[in-house]
Ligand code: THU
């Protein structure tokens, strides 16, 4: 599969996840999709709460689902999309949460940050340099 087909497939999975966004307070819908070395794709969407500060980001929901499925590494690719024109990049907390699973498998996932009009390619290591992780605990 070419890079672009893989990218398009993962962004499409994130976009489908975004359709289930529960975001009545911000009205900002986000979808995330994770691709693993075994080919599996796990998605998540943002889930808000009447107690505003309890909102769960799409990426964190996807990581929780993946770890509940048993994934402990192999995170190769990440797509994040918002229903904005410009690409959405993961918030700081999500970068840290994504990084834990990446570090468990010693990967540096490609991150596709998508909006409706543009997709930006980066790496988790570029979004979160000098990261804290399991090895930092000694
Ligand atoms: N949000 C995400 O789902 N992921 C991010 O990386 C940034 C923010 C959500 C949280 C909240 O539901 C809404 O976007 C507005 O901040």
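In our numbering, the protein residues as written are 3 to 140. Don't be surprised by glycine CBs; every beta carbon is placed ideally from N, CA and C. Since this is a predicted model, take the numbers as computed values, not measurements.
- Between the region 97-105 and the region 56-76, the count of C-beta pairs closer than 8 Å reaches three or more; the two stretches touch.
- CA-to-CA, the gap between residue 114 and residue 129 works out to about 11 Å.
- Burial check for residue 79: the Cβ neighbour count within 10 Å reaches 16 or more, so the residue is buried.
- Considering only 6, 46 and 137, the residue with the shortest C-alpha distance to residue 69 is 46.
- By the rule of a C-beta closer than 6 Å to any heavy atom of the ligand THU, the residues picked out are 25, 28, 30, 32, 48, 50, 57, 59, 60, 61, 92, 93 and 96.
- A distance of 8 Å or more separates the beta carbons of residue 89 and residue 50.
- For residue 84, the number of other beta carbons within 10 angstroms of its own is at least 16, and it is reported as buried.
- The residues 112 and 114, in chain order, have a CB closer than 7 Å to that of residue 123 in the same chain once the five nearest residues on each side in sequence are set aside.
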